Amino acid sequence: MVAEQVKRVLEELAAGNPLGEKVTLVAAIKTQPAEAINAAIDAGITDVGDNHVQEFRANEGLLHPVKRHFIGHLQTNKVKYLVGKISLYHSMDRMDLAAELSKRSLRANVVSDVLVQVNIGCEESKGGFDYAEAFSAYRTIREMPALRVQGFMAMLPISKDEGYLASLVREMRVLFDRAKAEDENVEYLSMGMSGDYKLCIANGSNMIRLGTTLFGARNYVK
Ligand SMILES: *Cc1c(COP(=O)(O)O)cnc(C)c1O
């Protein structure tokens, strides 16, 4: 049951990460019906993340009060549907997207909070800045009007080598700490999904995005 899983995970996260930071749980709600999402919210979920603009819009007005995050790949021409409605965009994975969000946010007179996405596993299939260029990308995006960079997001590659995966999280933590040292807005390292969240928290993540663990396996055929 969704409620039991939410409570179990929240209890598990209550200890924080080894650095003494609170770990924020974002429920990844793609393909979930509004009833399941509301059951999760009623059980203690405060933040939910969407992957698709269409689903985000379909759920508008249906969900109990909750912070909305955008965690998926975002097409530049769809930014206009989200501006002013998202508490944190996790997927600033290219400059033209950040520029569009900056322009639209300025025009709407809002400040948008964002994370810079890093392709930490150097995977063809994933978006994000290369690790080597991520810090300068962060600095460039930080200067864009009406954007506030709050940290970084990354997805780990599929691998059975836990030592390798842990080293990637620690590399991300180095990047995060470097930005945090010069910028008080930097607060979140968003790393960790159902298969790897424990490893991510153990190595310095402070925000995780869980779908399957909370809701069970996704049903894409509807
Ligand atoms: C689906 C998704 C998640 C959650 O994945 P699970 O493995 O189901 O926990 C996290 N982050 C992003 C960006 C996702 O698309």
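Using our numbering, the final residue of the sequence shown is 222, and nothing's skipped along the way. Note that CB positions come from ideal geometry on N, CA and C, so glycine has one too. Quick caveat: nothing in here was measured; it's all calculated off a predicted structure.
Put residue i into one of helix, strand or coil per three-state DSSP.
i: arginine 209; result: strand
i: tyrosine 188; result: strand
i: glutamine 32; result: coil
i: alanine 154; result: strand
i: arginine 223; result: This structure does not reach residue 223, given that the chain is present from 1 up to 222, and the question cannot be answered.
i: valine 26; result: strand
i: leucine 10; result: helix
i: leucine 147; result: strand
Excluding the 5 residues preceding and the 5 following residue i in the sequence, name in chain order all residues of the same chain whose CB lies nearer than 8 Å to its CB.
i: valine 23; result: Leu13, Gly16, Asn17, Ile201, Ser205, Asn206, Met207 and Ile208
i: glutamate 171; result: Ile120 and Tyr131
i: leucine 52; result: The amino acid at residue 52 is misidentified as leucine; the sequence shows histidine. Within the same chain, histidine 52 has close Cβ partners Lys30 and Gly72.
i: glutamate 115; result: Per the sequence shown, the amino acid found at residue 115 is leucine instead of glutamate. Excluding sequence neighbours, leucine 115 sits near Leu88, Tyr89, His90, Ser91, Met92, Val149, Gln150, Gly151, Phe152, Met153, Tyr188 and Ser190.
i: lysine 118; result: Note on identity: in this sequence residue 118 is valine, with lysine being the wrong assignment. So the qualifying residues of the chain are Gly128, Phe129, Asp130, Tyr131, Ala134, Phe152, Met153, Ala154, Met172 and Leu175.
i: glutamate 123; result: Pro157
i: methionine 95; result: Ala137, Thr140 and Ile141
i: lysine 67; result: Thr46, Asp47, Val48, Ser87 and Leu88
i: glutamate 162; result: Leu199
Are the beta-carbon atoms belonging to residue i and residue j less than 8 Å from one another?
i: leucine 199; j: valine 2; result: no
i: alanine 58; j: valine 83; result: no
i: asparagine 185; j: valine 149; result: yes
i: serine 91; j: proline 145; result: no
i: alanine 34; j: leucine 63; result: yes
i: lysine 85; j: arginine 104; result: no
i: methionine 193; j: leucine 165; result: no
How would you label residue i, buried or exposed, when you count the other beta carbons within 10 angstroms and need 16 or more for buried?
i: valine 111; result: exposed
i: glutamine 75; result: exposed
i: tyrosine 89; result: buried
i: asparagine 77; result: exposed
i: arginine 173; result: buried
i: aspartate 50; result: buried
i: arginine 8; result: exposed
i: aspartate 196; result: buried
i: arginine 218; result: exposed
i: alanine 179; result: buried
i: alanine 98; result: buried
i: glycine 61; result: exposed
i: glutamate 100; result: buried
i: aspartate 113; result: buried
Could you check if residue i belongs to the surroundings of ligand 2, using beta carbon to heavy atom distance under 7 Å?
i: alanine 28; result: Ligands in the displayed structure: ligand 1; ligand 2 is not one of them.
Within the same chain, show all residues whose beta-carbon is closer than 6 Å to that of residue i, passing over the 5 residues directly before and after it, in chain order.
i: alanine 27; result: Ala40, Ile45, Val48 and Leu214
i: glutamate 224; result: Given a span of 1 to 222 for the chain in the structure shown, any question on residue 224 remains unanswerable.
Considering only residues of the same chain and omitting the five flanking positions on each side of residue i, which have a CB-CB separation below 7 Å?
i: glutamate 55; result: Lys30
i: leucine 19; result: Gly204
i: leucine 168; result: Ile120, Gly121 and Leu156
i: serine 159; result: Leu165
i: valine 6; result: Ala40, Ala43, Gly44, Ile45 and Leu214
Distance cutoff 8 Å, beta carbons only. Does residue i sit that close to anything in chain B?
i: glutamate 12; result: In the structure shown, chain B does not exist; there is a single protein chain.
Subject >> Secondary structure, alpha helix (DSSP H): runs of 4+ residues fully inside the stretch 44–124 >> reply: Taken in chain order, the whole alpha helix (DSSP H) runs of length 4 or more contained in the stretch 44–124 are 53–58 and 95–108.
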